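Numbering (the UniProt record's numbering), first residue to last: 1 to 718.
Idealized CB from N, CA, C, for every residue including glycine.
Since the structure is predicted, the reported quantities are computational estimates derived from the model, not experimental observations.
This report refers to the structure that appears directly beneath it.
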């Protein structure tokens with residue numbers, strides 16, 4: 001599956017991400033901390049990359065400067081004093097929180113010991129132990145297991161040859177994120193990512209009897225082979241991808257800059273069409289796309305523009321039989337459509353409709369094959385598989401099992417394959433492998449290994465009426481044997497940003513909660529992408545409060561229907577989900593008893609006022625620009641969690657943050673916790689009601705790990 005497409009459909013996850021080690025589509029990570037140890041098989045001759053400086057104007061100078069809002073810096077000395085004072089305050093706050101955590105955490109040791117044992121038991125029981133995804137090139141099969149890349153023959157299960165090992169090459173703290181094999185199988189490019197980083201290192205190996213490393217390129221985001229010995233790649237710096245390079249490995253070895261994006265709102269990645277005819281340079285903002293084509297038969301020629309960027313038009317390119325197939329938002333209604341155009345006449349005036357999605361339908365992913373394409377869709381909380389035949393010009397729609405909430409498309413390097421493989425899961429159902437056969441025209445459930453079926457969990461889909469009477473979907477899971485559900489604890493999940501769906505993949509801790517009598521509820525509020533592009537648009541910028549109204553309506557409906565009650569209800573959110581969770585905590589704290597946040601975005605206004613931060617400019621399409629729009633500033637201030645803290649009875653709060661998080665500044669989280677704790681204490685000191693209580697407000701700052709990205713071991717510890 002393609003990097004560009006999944007990120008495009010999920011609202012460009014370069015801004016907010018859900019990460020999985022088996023997901024080769026995720027955003028990549030830095031390698032300033034990944035250093036190759038000396039090794040006798042490491043041949044790094046010629047691995048220095050001669051990156052040229054980007055053309056003038058590609059970096060906006062004012063993005064480098066920072067000062068407090070509303071203050072004028074009159075001298076360098078004053079600026080330095082301000083920075084030193086700010087850093088000292090940050091260190092003092094961090095030290096106080098670490099001391100607080102060290103004093104509180106031992107209280108929970110007996111409970112965490114029991115939970116850890118239970119989670120390890122479930123992990124061993126339900127972990128999907130099928131074979132790693134295979135990449136087949138003729139008779140050769142490539143696959144990755146436990147940090148090693150193997151080569152085997154299609155009909156030989158025994159003779160596996162090790163081509164690469166992270167340990168042998170000194171990358172023991174990294175995992176393999178992506179693998180790309182050159183068309184003639186002489187070269188292999190691998191990206192390595194560490195958990196504590198936001199960038200990746202690309203290692204290029206020459207294959208043969210004795211595989212050797214030919215080049216190591218730091219800070220790489222995406223990469224593809226245009227030909228047997230020409231690799232295109234993008235570089236990442238401060239969460240931005242704006243440069244595309246080309247490097248060659250035979251004849252005249254060279255590396256040159258091919259493309260530079262000038263607009264700070266746009267993020268660049270590259271993708272190879274399934275038939276390997278074109279390499280596409282994709283420049284995407286949150287709302288607009290522009291694609292350039294590199295002809296793989298002439299990789300040294302200048303890229304050709306498909307369609308100049310048009311505000312509000314997103315598009316992605318595939319190729320088949322001398323025609324471009326374009327997945328785009330162009331035209332009405334403003335949902336995704338599949339269109340096509342001749343390669344020689346690719347501007348949008350020549351785009352012809354092939355297939356249009358229904359309203360309120362989410363396009364989750366898309367895969368192109370030689371005679372067909374497959375669309376994975378979400379409608380009304382259910383997953384569907386739509387197969388479009390280019391031969392018979394027919395569309396077949398297949399409803400996937402009702403328990404399925406998430407899917408993972410496996411890699412299909414050969415577009416002529418007759419079968420499409422994918423996995424289905426839910427928060428309480430381990431991944432199960434399925435295949436769609438184009439020849440047989442049917443869905444096949446794979447039984448490589450028997451996955452225990454969860455029989456005691458009931459799934460309910462509800463609709464809550466929001467403040468403006470919009471119906472908001474909720475997915476509820478609970479134990480079928482539970483009695484008196486109104487007495488059971490409830491864990492509510494919310495996100496509601498960037499057009500990204502709530503993460504509903506399998507988690508051992510969710511299954512554990514179900515077994516212990518908990519109710520799990522997933523609120524698909526506006527701002528997310530569950531009901532298509534319009535659902536996101538109706539919950540971003542000046543519509544953010546709609547997401548808050550949706551969340552309140554969902555929780556109230558759950559309580560009205562007898563799913564728990566406020567004193568047994570907890571709210572969970574991660575990253576940008578912290579905006580709505582933190583806002584509800586301010587407006588309606590009586591609806592919940594506890595809130596759990598991971599790397600939360602809780603200081604929206606101050607963050608969006610600081611243009612020196614790496615994501616501020618591109619985030620303006622989601623939150624607005626308070627620097628230039630006073631109405632926008634007032635609107636953000638009306639819901640921003642940090643800005644609206646006041647003395648009242650708050651729920652208990654547990655926050656996990658990361659010391660080196662580039663996406664969510666730790667300073668904002670520290671200030672939020674301090675202000676929230678003070679407000680709760682002020683309220684308690686002013687009131688003397690019977691049963692008055694002071695909430696636990698706990699912050700755990702992790703020294704390692706990056707934004708919402710952790711291994712099984714790390715997540716188990718959390």
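Option in the options with minimal Cα separation from residue i
{"i": "residue 219", "options": "226, 227 and 198", "result": "198"}
{"i": "residue 373", "options": "441, 351 and 170", "result": "441"}
{"i": "residue 607", "options": "147, 664, 581 and 634", "result": "664"}
{"i": "residue 541", "options": "475, 625, 602 and 188", "result": "625"}
{"i": "residue 161", "options": "173, 144, 641 and 571", "result": "144"}
{"i": "residue 126", "options": "326, 659 and 511", "result": "511"}
{"i": "residue 326", "options": "182, 524 and 343", "result": "343"}
{"i": "residue 508", "options": "103, 639 and 115", "result": "115"}
{"i": "residue 491", "options": "524, 513, 556 and 341", "result": "513"}
{"i": "residue 291", "options": "246, 694, 297 and 309", "result": "309"}
{"i": "residue 532", "options": "207, 376 and 302", "result": "376"}
{"i": "residue 403", "options": "384, 397 and 409", "result": "384"}
{"i": "residue 681", "options": "650, 642 and 202", "result": "650"}
{"i": "residue 552", "options": "488, 472 and 498", "result": "472"}
{"i": "residue 604", "options": "595, 668 and 568", "result": "668"}
For residue i, the residue or residues it bridges with in DSSP
{"i": "residue 493", "result": "522 and 572"}
{"i": "residue 551", "result": "Beta-bridge pairing links residue 551 to no other residue."}
{"i": "residue 356", "result": "337"}
{"i": "residue 702", "result": "658"}
{"i": "residue 225", "result": "231"}
{"i": "residue 598", "result": "574 and 656"}
{"i": "residue 216", "result": "203"}
{"i": "residue 528", "result": "526"}
Inter-residue Cα distance where the pair is residue i and residue j
{"i": "residue 346", "j": "residue 320", "result": "14 angstroms"}
{"i": "residue 620", "j": "residue 530", "result": "22 angstroms"}
{"i": "residue 426", "j": "residue 262", "result": "41 angstroms"}
{"i": "residue 406", "j": "residue 423", "result": "8 angstroms"}
{"i": "residue 166", "j": "residue 215", "result": "15 angstroms"}
{"i": "residue 211", "j": "residue 134", "result": "20 angstroms"}
{"i": "residue 97", "j": "residue 575", "result": "20 angstroms"}
{"i": "residue 539", "j": "residue 611", "result": "23 angstroms"}
{"i": "residue 240", "j": "residue 559", "result": "43 angstroms"}
{"i": "residue 295", "j": "residue 430", "result": "42 angstroms"}
{"i": "residue 593", "j": "residue 456", "result": "27 angstroms"}
{"i": "residue 394", "j": "residue 388", "result": "6 angstroms"}
{"i": "residue 230", "j": "residue 171", "result": "25 angstroms"}
{"i": "residue 189", "j": "residue 275", "result": "19 angstroms"}
{"i": "residue 304", "j": "residue 279", "result": "11 angstroms"}
{"i": "residue 583", "j": "residue 589", "result": "9 angstroms"}
{"i": "residue 699", "j": "residue 673", "result": "7 angstroms"}
{"i": "residue 306", "j": "residue 349", "result": "11 angstroms"}
{"i": "residue 467", "j": "residue 562", "result": "21 angstroms"}
{"i": "residue 505", "j": "residue 443", "result": "21 angstroms"}
{"i": "residue 328", "j": "residue 273", "result": "16 angstroms"}
{"i": "residue 718", "j": "residue 354", "result": "47 angstroms"}
{"i": "residue 371", "j": "residue 417", "result": "10 angstroms"}
{"i": "residue 300", "j": "residue 461", "result": "53 angstroms"}
{"i": "residue 111", "j": "residue 518", "result": "16 angstroms"}
{"i": "residue 484", "j": "residue 477", "result": "15 angstroms"}
{"i": "residue 630", "j": "residue 334", "result": "29 angstroms"}
{"i": "residue 106", "j": "residue 242", "result": "46 angstroms"}
{"i": "residue 18", "j": "residue 187", "result": "Reliability fails at residue 18, whose pLDDT of 31 lies under 50, so the model's placement of it is uncertain and the value that follows must be treated cautiously. Residue 18 and residue 187: Cα-Cα distance of roughly 30 angstroms."}
{"i": "residue 286", "j": "residue 184", "result": "37 angstroms"}
{"i": "residue 719", "j": "residue 228", "result": "With the chain running from 1 to 718 in the structure shown, residue 719 is simply not present."}
Where the beta strand (DSSP E) through residue i begins and ends
{"i": "residue 241", "result": "240 to 248"}
{"i": "residue 260", "result": "255 to 260"}
{"i": "residue 587", "result": "Element bounds for residue 587: not the beta strand (DSSP E) but the alpha helix (DSSP H), 577 to 587."}
{"i": "residue 374", "result": "372 to 379"}
{"i": "residue 478", "result": "471 to 479"}
{"i": "residue 382", "result": "382 to 389"}
{"i": "residue 367", "result": "361 to 368"}
{"i": "residue 602", "result": "No beta strand (DSSP E) holds residue 602; DSSP gives it neither H nor E."}
{"i": "residue 397", "result": "395 to 399"}
Residue i at chain C interface by Cβ criterion, 8 angstroms
{"i": "residue 116", "result": "No chain C appears in the structure shown, which is made up of a single protein chain."}
Element boundaries [alpha helix (DSSP H), containing residue i]
{"i": "residue 514", "result": "508 to 515"}
* **Contained beta strand (DSSP E) runs [length at least 3] in the segment 127 to 212, N- to C-terminal order** => Listed in chain order, the beta strand (DSSP E) elements of length 3 or more contained wholly in the segment 127 to 212 are 135 to 137, 140 to 145, 148 to 153, 161 to 165, 174 to 181, 187 to 194 and 200 to 206.
* **Ranges of the alpha helix (DSSP H) found wholly within the segment 621 to 666, counting only runs of at least 4** => For the segment 621 to 666, whole alpha helix (DSSP H) runs of length 4 or above, ordered along the chain, are 630 to 639.
* To do: Please go through the segment 402 to 467 and give each complete beta strand (DSSP E) segment of 3 or more residues, from N-terminal end onward.
  => If only uninterrupted beta strand (DSSP E) runs of at least 3 residues are considered, those enclosed by the segment 402 to 467 are 406 to 409, 419 to 426, 429 to 437, 442 to 445 and 457 to 465.
* Hey, which unbroken runs of the beta strand (DSSP E) at 3 residues or more fall wholly within the segment 267 to 338? -> Complete beta strand (DSSP E) runs here, min 3: 267 to 272, 278 to 284, 289 to 295, 304 to 307, 315 to 320 and 323 to 328.
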